[in-house]
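Asker: One structure, as structure tokens, below. Some questions next.
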Amino acid sequence: MEAEKLFLLFSLLMLQFSSCTSHDSLKTNQTIKEGDLLISKGNNFALGFFGLGSSSNRYLGIWYHKVPEQTVVWVANRNDPIIGSSGFLFIDQYGNLVLHGKDDQKLPVWSTNVSVEENDTCAAQLLDSGNLILVRKRSRKTVWQSFDYPTNILLPGMKLGLDRKLGSDRFLKSWRSADDPGFGDFSLRINPNGSPQIFFYNGTKPISRSPPWPWRSQMGLFNSTFVNDPDEIYWVFTVPDDSYLLRLIVDHPGHVKTLTWRESDGQWKEYWKSPQFHCDYYGNCGAYSTCELANLNEFGCACLPGFEPKYPLEWSARDGSGCCVRKRLHTSSVCQHGEGFVKVENVILPESSAAVWVDMSKSLADCEVQCKRNCSCSAYAIIAIPGKNYGCLTWYKELVDINYVRSESHDLYVRVDAYELADTTRKSNDSREKPMMAF
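Residue numbers (numbering that gives the first Met the number 0): 0 to 438.
Okay, here's the thing in structure tokens:
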């Protein structure tokens with residue numbers, strides 16, 4: 000009881016100190032209340048209390064300060080709104096940022112969880128990157144940052160992925176609705192297994208995914224970096240000019256988008272969105288198939304060499320979800336019976352969470368030997384590794400979600416039986432012998 004009284008007394012005393020209205024930092028003798036703002040040094044971002052729609056719920060968040068249309072990029076208490084305008088933020092005696100809804104509230108609505116040395120204090124600062132940091136006064140060491148706890152938006156310099164030392168997963172989670180920043184159904188996160196990929200989920204169900212690592216370092220409007228070491232595995236993007244406003248968002252209707260701010264139009268412009276076309280959806284054509292978006296009116300699904308539709312009637316009705324199965328499944332073998340590999344050119348490689356990197360410096364021939372000696376190996380690919388040689392990636396389960404897309408494409412070598420290998424070789428020879436016709 001005495002501890003509770005002391006805590007309430009401390010909270011009330013904090014309110015007697017000066018409030019922080021238009022600076023980039025919050026110190027132990029200051030509070031942020033309704034109407035107060037932290038504004039980053041270059042006026043890029045602001046932190047304060049905000050509401051949504053007609054609700055009386057209030058949230059502590061960060062938004063673009065220079066953009067007329069309030070665009071929130073981070074929310075502290077996204078699942079625990081404050082009713083009314085009585086909320087206040089301060090730094091307690093332990094160095095933590097603490098958010099309360101009322102003066103007499105015993106438990107905070109939200110807080111950080113750090114500890115500082117005795118006789119040391121912390122200060123919070125809002126950076127021009129949009130990152131809110133908590134810094135020890137003596138060592139100037141950052142002990143907490145909002146970038147480690149993203150909501151539904153990824154900003155330049157923000158990491159998407161795992162911190163293995165802390166055991167934390169930095170991922171995006173959609174808002175519940177346009178007027179409710181609480182946890183929604185959709186999320187974007189890195190799957191670190193096999194060859195890492197970025198997955199977009201509805202709950203636990205994959206909706207779409209990125210190609211397997213490695214990814215391009217330059218992606219149009221921004222540069223990207225992927226790090227995979229004993230401490231962390233993450234993807235981060237940067238922009239060449241800090242004044243260029245670009246954000247990646249997981250929205251509540253169920254899309255991942257990159258948006259840029261156009262000053263001339265005074266609005267956000269959509270630069271990229273996924274999923275958008277039927278081949279963007281994870282496993283749209285089932286296992287052992289490819290999806291090609293040549294024409295929006297076409298089916299687009301095709302079985303891999305050596306495979307055929309499991310349900311031909313469904314396939315003819317433009318439903319490829321039933322997948323493909325190996326031809327001559329019960330009459331031939333792909334294990335030490337003259338089998339080989341057929342090249343499928345220029346595809347987004349299959350889902351790779353169960354794939355295995357055999358070696359980071361293998362030739363195409365060596366990679367084939369490695370895959371062929373293991374009867375469970377269903378396919379392989381040779382991939383250029385940034386700063387290294389070519390790596391050999393092998394698959395041992397179903398081949399799922401293979402798309403024909405020009406960017407990020409590679410050749411995939413699929414295991415087939417001796418009959419399919421001979422047939423493919425014959426067709427290849429026939430095509431080379433046919434005369435070319437010009438029109």
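We treat Cβ as the ideally placed atom computed from N, Cα and C, and that holds for glycine. This one's a predicted model, so the numbers in the text were calculated from it and none came from an experiment.
Could you check whether residue 340 and residue 367 sit closer than 8 Å to each other, using their CB atoms as the reference points?
Answerer: Position 368 of the sequence shown, counting from 1, holds the residue named residue 367. Position 341 of the sequence shown, counting from 1, holds the residue named residue 340. Taking 8 Å as the Cβ cut-off, residue 367 and residue 340 qualify as a contacting pair.
Asker: Which stretch, first to last residue, makes up the beta strand (DSSP E) that contains residue 180?
Answerer: As a first step, residue 180 is located in the sequence shown; it is residue number 181 there, counting from the start. Residues 179-190.
Asker: So what does DSSP say about residue 207, is it helix, strand or coil?
Answerer: One-based indexing of the sequence shown puts residue 207 at position 208. Here residue 207 sits in strand by DSSP.
Asker: Can you tell me which of the three DSSP states residue 14 falls into?
Answerer: Stepping through the sequence shown from its first residue, residue 14 is reached at position 15. Any reading at residue 14 must be qualified, since the residue scores a pLDDT of 44, below 50, and its modelled position is unreliable; the value itself is stated next. Here residue 14 sits in helix by DSSP.
Asker: What's the call for residue 83, buried or exposed, on a 16-neighbour Cβ count within 10 Å?
Answerer: As a working mapping, residue 83 is identified with position 84 in the sequence shown. It is exposed - the Cβ of residue 83 has fewer than 16 other Cβ atoms within 10 Å.
Asker: Just tell me which of 78, 137, 30 has its CA closest to the CA of residue 85.
Answerer: Along the sequence shown, read from residue 1 onward, the residue named residue 85 stands at position 86. Looking at the Cα atoms, 30 is the closest of the given residues.
Asker: Could you tell me which of 129, 63, 249 sits nearest to residue 201, measuring between CA atoms?
Answerer: Along the sequence shown, read from residue 1 onward, the residue named residue 201 stands at position 202. For residue 201, the nearest C-alpha among the options comes from 249.
Asker: Closest to residue 251 by C-alpha separation, out of 376, 186, 136, 101, would be which residue?
Answerer: The residue labelled residue 251 in the question sits at position 252 within the sequence shown. The candidate whose alpha carbon is nearest that of residue 251 is 186.
Asker: Could you tell me which of 183, 125, 257, 346 sits nearest to residue 23, measuring between CA atoms?
Answerer: Here residue 23 corresponds to residue number 24 of the sequence shown, with the count starting at 1. Looking at the Cα atoms, 125 is the closest of the given residues.
Asker: Going straight from the alpha carbon of residue 203 to that of residue 88, what length do you get?
Answerer: Residue numbering aside, residue 203 sits at position 204 when the sequence shown is read from its first letter. Residue numbering aside, residue 88 sits at position 89 when the sequence shown is read from its first letter. Taking the straight line from one Cα to the other gives about 35 Å.
Asker: Look at the alpha carbon of residue 427 and the alpha carbon of residue 416, and state the distance between them as a whole number of angstroms.
Answerer: For the purposes of this step, residue 427 is identified with residue 428 of the sequence shown, where counting begins at 1. For the purposes of this step, residue 416 is identified with residue 417 of the sequence shown, where counting begins at 1. Take the alpha-carbon of residue 427 and the one of residue 416: they are about 17 Å apart.
Asker: Please work out which residues of its chain come closer than 7 Å, Cβ to Cβ, to residue 111, disregarding the five sequence neighbours upstream and downstream, and give them in chain order.
Answerer: One-based indexing of the sequence shown puts residue 111 at position 112. Excluding positions up to five away in sequence, the list reads 95, 96, 133, 143.
Asker: Enumerate in chain order the residues of its own chain whose CB-to-CB distance from residue 422 is below 7 Å, with the five nearest sequence positions on each side excluded.
Answerer: Looking up residue 422 in the sequence shown gives position 423. Here the set comprises nothing.
Asker: On the DSSP letters alone, give me the boundaries of the beta strand (DSSP E) that residue 84 sits inside.
Answerer: Within the sequence shown, the letter at position 85 stands for residue 84. Judged by DSSP secondary structure, residue 84 falls outside any beta strand (DSSP E); it is assigned neither H nor E.
Asker: Specify whether the region 226-245 and the region 148-159 touch according to this definition: at least 3 beta carbon pairs, one from each stretch, less than 8 Å apart.
Answerer: Contact holds: three or more Cβ-Cβ distances are below 8 Å.
Asker: Under the three-state reduction of DSSP, which class applies to residue 418: helix, strand or coil?
Answerer: In the sequence shown, residue 418 corresponds to position 419, counting from 1. Looking at residue 418 - three-state DSSP - the assignment turns out to be helix.
Asker: Suppose contacts are defined by Cβ-Cβ distances below 8 Å. Is residue 192 in contact with residue 171 by that definition?
Answerer: Looking up residue 192 in the sequence shown gives position 193. Looking up residue 171 in the sequence shown gives position 172. No, they are not a contact pair.
Asker: If you follow the alpha helix (DSSP H) that residue 365 is part of, which residue opens it and which one closes it?
Answerer: Within the sequence shown, the letter at position 366 stands for residue 365. 363-371 is the extent of the alpha helix (DSSP H) around residue 365.
Asker: Can you give me the start and stop residues for the alpha helix (DSSP H) that residue 406 sits inside?
Answerer: By one-based count along the sequence shown, residue 406 stands at place 407. Where residue 406 is concerned, there is no enclosing alpha helix (DSSP H), given that its DSSP letter is neither H nor E.
Asker: Please classify residue 334 as buried or exposed, where buried requires at least 16 other C-beta atoms within 10 Å of its C-beta.
Answerer: Position 335 of the sequence shown, counting from 1, holds the residue named residue 334. Under this definition residue 334 is an exposed residue.
Asker: Let me know the secondary structure DSSP gives residue 244 once reduced to three states.
Answerer: What you label residue 244 is simply residue 245 of the sequence shown in a count that begins at 1. Coil at residue 244, not helix or strand.
Asker: Under DSSP, the beta strand (DSSP E) around residue 167 begins and ends at which residues?
Answerer: Against the sequence shown, residue 167 aligns to sequence position 168. Where residue 167 is concerned, the enclosing beta strand (DSSP E) stretches over 167-169.
Asker: Straight-line CA distance for residue 121 to residue 131?
Answerer: Residue 121 sits at position 122 when you count from the first residue of the sequence shown. Residue 131 sits at position 132 when you count from the first residue of the sequence shown. Roughly 13 Å separates the two Cα atoms.
Asker: Could you tell me whether the Cβ atoms of residue 300 and residue 402 are closer together than 8 Å?
Answerer: Numbered from its first residue, the sequence shown carries residue 300 at position 301. Numbered from its first residue, the sequence shown carries residue 402 at position 403. The answer is no: Cβ separation not under 8 Å.
Asker: Could you check where the alpha helix (DSSP H) with residue 313 kicks off and where it finishes?
Answerer: Along the sequence shown, one-based indexing puts residue 313 at 314. Boundaries of the alpha helix (DSSP H) around residue 313: 311-315.
Asker: Please identify the residue among 362, 174, 397 whose C-alpha is closest to the C-alpha of residue 467.
Answerer: The structure shown has nothing for residue 467, since the chain only spans 0 to 438.
Asker: The beta strand (DSSP E) spanning residue 282 covers which residue range?
Answerer: Position 283 of the sequence shown, counted from the start, is the residue given in the question as residue 282. No beta strand (DSSP E) holds residue 282; DSSP gives it neither H nor E.
Asker: With DSSP as the reference, identify every bridge partner of residue 220, one or two as the case may be.
Answerer: Here residue 220 refers to the residue found at position 221 of the sequence shown. In the DSSP output, where bridge partners are listed per residue, residue 220 has none listed.
Asker: Please work out which residues of its chain come closer than 6 Å, Cβ to Cβ, to residue 420, disregarding the five sequence neighbours upstream and downstream, and give them in chain order.
Answerer: Stepping through the sequence shown from its first residue, residue 420 is reached at position 421. 339.
Asker: Would you say residue 411 and residue 378 are within 8 Å of each other, going by their C-beta atoms?
Answerer: In the sequence shown, residue 411 corresponds to position 412, counting from 1. In the sequence shown, residue 378 corresponds to position 379, counting from 1. Cβ distance < 8 Å, so residue 411 and residue 378 count as in contact.
Asker: By how many angstroms is the C-alpha of residue 53 removed from the C-alpha of residue 265?
Answerer: Translated into positions along the sequence shown, residue 265 becomes position 266. Translated into positions along the sequence shown, residue 53 becomes position 54. Between residue 265 and residue 53, the C-alpha separation is close to 24 Å.
Asker: When you compare only the Cα positions, how much space is there between residue 263 and residue 66?
Answerer: What you label residue 263 is simply residue 264 of the sequence shown in a count that begins at 1. What you label residue 66 is simply residue 67 of the sequence shown in a count that begins at 1. Residue 263 and residue 66: Cα-Cα distance of roughly 12 Å.
Asker: Tell me which same chain residues have a C-beta within less than 6 Å of the C-beta of residue 168, skipping the five on either side of it?
Answerer: As a working mapping, residue 168 is identified with position 169 in the sequence shown. Correct list, in chain order: 161.
Asker: Tell me, please, which residues DSSP counts as bridged to residue 172.
Answerer: Counting from 1 along the sequence shown, the entry for residue 172 is found at position 173. In the DSSP output, where bridge partners are listed per residue, residue 172 has 186.
Asker: Assign residue 117 to buried or exposed, taking buried as 16 or more other Cβ atoms, counted over all protein chains shown, within 10 Å of its Cβ.
Answerer: For the purposes of this step, residue 117 is taken as the residue at position 118 of the sequence shown. With fewer than 16 Cβ atoms within 10 Å of its Cβ, residue 117 is classed as exposed.
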